[in-house]
Amino acid sequence: MKNNKIVIYIGILVVGVLLGWLLFGGSSKEGTDHNHDAVAATNQMWTCSMHPQIMQPEPGDCPICGMDLISAENGSDGLLADQFKLTENAMALANIQTSIVGKGNVEGNTIKLSGKIAENEEANAVQVSYFAGRIERLNVSFTGEEVRKGQLLATIYSPELYAAQQELITAASLKESQPALYKAVRNKLKLWKLSENQINQIEETGKVKENFPVYATVSGTVTEKLVEQGDYIKQGQPLLKIANLNTVWGNFDVYENQIDRFKKGQEVMITTNAYPNKEFKGKVDFIDPVLNTKTRTVTLRVVLNNKDDVFKPGMFVTANIEGSTAKNDDVLTIPASSVLWTGERSVVYLKTNPDQPIFEMLEIKLGNQIGNEYEVLEGLFVGNEIVTNGTFTVDAAAQLQGKKSMMNKDGGKIMTGHEGHLGIDNNASNKVNDHTNMNERLEVSAKFQEQLKAVFNEYINLKDALVKEDSKSTSANATTLLNKLNKVDMKLLSDNKAHNHWMSLAGDIKASATSISKASSIKSQRDDFKHLSSHLIKVLQLFGVNEKVYVQFCPMADNDKGAYWLSKEEKVINPYFGSAMLTCGEVKQVI
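And the structure:
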């Protein structure tokens, strides 16, 4: 009986375990799976395909552009420090295209060279004085003045010439008895460039002239005044430099590996920004036999007819030359669309993985532009894959992810805004980045922004004076800017971070503005204006002035290193070149 009860109990137990497994086992597994999914969902991040700096823990819209967020890949993707990755969606939306670098035959293609107009040194002359004395009157008022051969340039009082005239009058009375002495005295006056008529007049009248005229020996344009009225001069001392600008030189730089593709007599088509719809013909007149060891270039010279006064010395020009057959026809070339140029650096974006959209910025050295392509002298090799379309978009992604980029060669996070982005490599940037990554604008009072706007308005007046090349007004505006700067109340900055930033940058602004106010030349003022602009850009990025401000950039300023400035209007009016290159530049950011 007991055995039967034991069997029954065992059977009930087995049935209970079986039922429990059937009823609750699946639920347990389901609960476990559900927990895994919850964890995975918790770790999932969402980003924007066009703004990869946006990272959110849940799906939604991009706060910058409004696009739907996409899932971001979890975990480390094994990228190197300078590499970054784009999503396939971003690649498609921005139409980013790449191509393989190869060697192309450039025979017969047009080569584009950049250069400047210079005076024709063969037509230059220096006007000198042939006798010592004091300049009683100087008839040339300014450089750039036109003079004609035989024109009166100056009147000089010369004690030596005064004594020589008296000798002539005395020798004339003795010319019958001492003809050799008489002839010697006349020849002495001829050496001082007195004409036969002048000498005969002195002899006939018996009167000594106190002041003697100096006449122009050539026609041309005065390029430099070497003396002023009232100066004492020596015999043979230069008075003026005169250039004949009926012909001018166009000097162009040619890289050493391209020298064999140019020869004397080649036809050249010249264009300039001053006359965008015109082309001017010329021929290669000279190729410098000496290489510039710093730039690794030689100068190619073209003589240009300038009777219509089209070309001005210092003007930037471009030459298009049909390249002759090179000894080495294979030249490494890349599309112009793949190159980003800052004025001192040329960069491209290398696709480092053929199977994934992973990129890295690469600095290269360019040669001449050949049609729509650039020659590559250093930095790339055959077989490299580079971005050829959408390069600016890739560069923006690099900046936003804190990687090396065109304007941020050392990498690191830079400021981003709703309307643009910009990285500026300067001392002001470094000082600010010591305290913050510049991802957000600092909150300050409206009164502080109003005081800062007064400083900014004086900066604009200063910039306009530089455009007009008015050195005196520039100095005055710099002084007014300093006065406005001193009126900015630092007590309005209650936040320590904002206070520290302002203390650092305000000191830099004051130093630059002070240098501008004391500078006597427009060139020095423009050099200091570059620094002033960099510091003020950082200030406006941090604090704002409740007004739309355009950050503009000219790659040719500061000896082709490039420089920024601020403007209230989108239209580019260049303060670094003025009328010479008024529209050179582009908008880089809107603050």
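Each step along the sequence shown adds one to the number in my numbering, with nothing skipped, and position 81 is 81. Built from N, CA and C at the ideal position, the CB exists for glycine as well.
Query raised in the report: Who pairs with Ile135 in a beta bridge, going by DSSP?
Result: In the sequence shown, residue 135 corresponds to position 135, counting from 1. For Ile135, DSSP records a beta bridge to Ile156.
**Report entry** Reference Ala557; option with closest CA among Thr299, Gly585 and Ile516
**Finding:** In the sequence shown, residue 557 corresponds to position 557, counting from 1. Of the candidates Thr299, Gly585 and Ile516, the one whose C-alpha sits nearest the C-alpha of Ala557 is Gly585.
Report task. Check whether the Cβ atoms of Asn372 and Pro313 sit closer than 8 Å, and answer yes or no. Result -> The residue given as residue 372 occupies position 372 in the sequence shown. The residue given as residue 313 occupies position 313 in the sequence shown. Against a cut-off of 8 Å, the Cβ pair of Pro313 and Asn372 comes out as no contact.
Requested in this report: Using a threshold of 8 Å, state whether the C-beta atoms of Tyr459 and Thr391 are closer than that.
Outcome: On the sequence shown, position 459 is the one that residue 459 refers to. On the sequence shown, position 391 is the one that residue 391 refers to. No; because the gap between Cβ atoms is not below 8 Å, this pair is not in contact.
Query raised in the report: Is there contact here, the segment 534–551 with the segment 561–579, by at least three beta-carbon pairs under 8 Å?
Result: yes
Query raised in the report: To the nearest whole angstrom, what separates the beta carbons of Phe359 and Phe84, a pair I think is in contact under 8 Å?
Result: Your numbering for residue 359 matches position 359 in the sequence shown. Your numbering for residue 84 matches position 84 in the sequence shown. Right, their Cβ atoms sit about 6 Å apart.
Query raised in the report: Looking at C-alpha atoms only, which residue of Pro179, Gly578 and Thr479 is the closest neighbour of Glu517?
Result: The residue labelled residue 517 in the question sits at position 517 within the sequence shown. Checking the displayed sequence, the identity of residue 517 turns out to be Ser instead of Glu. Comparing Cα-Cα distances from Ser517 to each of Pro179, Gly578 and Thr479, the minimum goes to Thr479.
Query raised in the report: Can you pull the DSSP bridge partners for Ser594?
Result: There is no way to answer for residue 594, as the model of the chain reaches only from 1 to 591.
Query raised in the report: Thinking C-beta only, is Tyr232 closer than 8 Å to Arg137?
Result: Taking the first residue of the sequence shown as position 1, residue 137 is located at position 137. Taking the first residue of the sequence shown as position 1, residue 232 is located at position 232. No, Cβ-Cβ distance for Arg137 and Tyr232 is not below 8 Å.
Requested in this report: May I ask you to report which of helix, strand or coil DSSP gives Glu145?
Outcome: In the sequence shown, residue 145 corresponds to position 145, counting from 1. Glu145 falls in the coil class under three-state DSSP.
Query - Host alpha helix (DSSP H) of Pro59 (start-end) - result: Reading the sequence shown from its first residue, position 59 is the one you call residue 59. Premise fails: Pro59 is in no alpha helix (DSSP H) and is neither H nor E.
Report task. Taking all protein chains shown into account, decide if Thr325 is buried (16 or more other Cβ within 10 angstroms of its Cβ) or exposed. Result -> Numbered from 1 along the sequence shown, position 325 holds the residue referred to as residue 325. Because the pLDDT of Thr325 is 47, which lies under 50, any placement of that residue in the model is unreliable, and the number read from its coordinates should be weighed accordingly. By the Cβ-count criterion, Thr325 is exposed, with fewer than 16 other Cβ atoms from all chains shown falling within 10 Å of its own Cβ.
Requested in this report: Check the DSSP bridge columns for Phe212 and list the partner residues they point to.
Outcome: The count along the sequence shown starts at 1 and reaches residue 212 at position 212. For Phe212, which the question treats as bridged, DSSP gives the partners Ile156.
Query raised in the report: Alpha carbon to alpha carbon, what distance is there between Ile96 and Val394?
Result: Counted from its first residue, the sequence shown places residue 394 at position 394. Counted from its first residue, the sequence shown places residue 96 at position 96. Cα to Cα, the separation comes out at about 8 Å.
Query raised in the report: Beta-carbon separation of Leu340 and Met269 under 8 Å?
Result: One-based indexing of the sequence shown puts residue 340 at position 340. One-based indexing of the sequence shown puts residue 269 at position 269. Cβ distance not < 8 Å, so Leu340 and Met269 don't count as in contact.
**Report entry** For Gly282, the residue or residues it bridges with in DSSP
**Finding:** Looking up residue 282 in the sequence shown gives position 282. According to DSSP, Gly282 bridges with Val268.
Query raised in the report: Do Thr217 and Gly144 come within 8 Å of each other at the CB atom, strictly closer than that value?
Result: Within the sequence shown, numbered from 1, the residue matching residue 144 stands at position 144. Within the sequence shown, numbered from 1, the residue matching residue 217 stands at position 217. Taking 8 Å as the Cβ cut-off, Gly144 and Thr217 do not qualify as a contacting pair.
Query raised in the report: Who are Ile522's beta bridge partners in DSSP?
Result: Within the sequence shown, the letter at position 522 stands for residue 522. Paired residue(s): none; Ile522 is not in a bridge.
Query raised in the report: Where does Gln83 fall in DSSP's three states?
Result: Sequence index remark: in the sequence shown, residue 83 carries index 83 (1-based). The answer is strand: DSSP assigns Gln83 an E or B state.
Requested in this report: Measure the C-alpha to C-alpha separation of Glu450 and Leu505 and round it to an integer number of angstroms.
Outcome: Against the sequence shown, residue 450 aligns to sequence position 450. Against the sequence shown, residue 505 aligns to sequence position 505. The alpha-carbon of Glu450 is positioned some 17 Å away from that of Leu505.
**Report entry** Strand pairing of Ser567, partner residues [DSSP]
**Finding:** As a first step, residue 567 must be located in the sequence shown, where it is residue number 567. Looking at the DSSP assignment, Ser567 forms a beta bridge with Tyr550.
Query - Continuous beta strand (DSSP E) stretch holding Ala319: start and end - result: Counting from 1 along the sequence shown, the entry for residue 319 is found at position 319. Element bounds for Ala319: Phe316 to Glu322.
Query - Residue environment, Ser346, which counts as buried when at least 16 other CB atoms sit within 10 Å - result: Position 346 of the sequence shown holds residue 346. Its Cβ being crowded by 16 or more others within 10 Å, Ser346 is buried.
Query raised in the report: In the structure shown, what three-state DSSP assignment does His421 receive?
Result: In the sequence shown, counting from the first residue as 1, residue 421 sits at position 421. Reliability of the predicted coordinates at His421 is poor, the pLDDT of 38 falling under 50, and the value obtained from them is presented with this limitation in mind. In this structure, DSSP gives His421 an extended state, which the three-state scheme calls strand.
Query - Expected contact under 8 Å - CB spacing of Leu481 and Ala513 to nearest Å - result: As a position in the sequence shown, residue 481 is number 481, starting the count at 1. As a position in the sequence shown, residue 513 is number 513, starting the count at 1. Sure, about 5 Å apart at Cβ, within 8 Å.
**Report entry** Selected residue, minimal CA-CA separation from Asn277, among Lys491, Lys561, Thr318 and Lys447
**Finding:** Sequence index remark: in the sequence shown, residue 277 carries index 277 (1-based). Considering only alpha carbons, the answer is Thr318.
Query raised in the report: Which full runs of the beta strand (DSSP E) of 3+ residues lie inside the segment 325–403, going along the chain?
Result: 330–335, 346–351, 358–370, 373–378 and 385–389
Report task. Out of Leu492, Ala454, Lys561 and Ser473, state which residue places its alpha-carbon closest to the alpha-carbon of Asn483. Result -> Translated into the one-based positions of the sequence shown, residue 483 becomes position 483. Ranking Leu492, Ala454, Lys561 and Ser473 by Cα distance to Asn483 puts Ala454 first.
Query raised in the report: Distance, Cα to Cα, Thr635 vs Met361?
Result: Any property of residue 635 remains undetermined from this structure, which presents the chain solely from 1 to 591.
Query raised in the report: Exposed or buried, which one is Ile100 when buried takes at least 16 other CB atoms within 10 Å?
Result: Looking up residue 100 in the sequence shown gives position 100. Burial call: exposed.
Query raised in the report: Which whole-angstrom value is the C-beta distance of Ile153 and Leu239, which I expect to be below 8 Å?
Result: Sequence index remark: in the sequence shown, residue 153 carries index 153 (1-based). Sequence index remark: in the sequence shown, residue 239 carries index 239 (1-based). The question names Ile, but residue 153 is Leu in the sequence shown. In this structure, Leu153 and Leu239 form a Cβ contact; the two beta carbons are roughly 7 Å apart against a cut-off of 8 Å.
Query raised in the report: Can you name, in chain order, every residue of its own chain whose Cβ lies under 6 Å from the Cβ of Lys241, other than the five neighbours on each side?
Result: Position 241 of the sequence shown, counted from the start, is the residue given in the question as residue 241. The answer, listed in chain order, is Val126, Thr223 and Glu224.
**Report entry** Enclosing alpha helix (DSSP H) for Gln589 [first to last residue]
**Finding:** Looking up residue 589 in the sequence shown gives position 589. Note, Gln589: premise wrong, no alpha helix (DSSP H); beta strand (DSSP E) at Glu586 to Val590.
**Report entry** Start-to-end residues for the alpha helix (DSSP H) that takes in Arg186
**Finding:** In the sequence shown, the residue the question calls residue 186 occupies position 186. Its alpha helix (DSSP H) spans residues Pro179 to Leu191.
Query raised in the report: Should Arg148 go down as buried or exposed, given a rule of 16 or more other Cβ atoms within 10 Å for buried?
Result: Here residue 148 refers to the residue found at position 148 when the sequence shown is read from its first residue. Per the 10 Å Cβ criterion, exposed.
Query - Residue interval of the beta strand (DSSP E) (run including Tyr255) - result: The residue given as residue 255 occupies position 255 in the sequence shown. Run containing Tyr255: Thr247 to Tyr255, per the beta strand (DSSP E) assignment.
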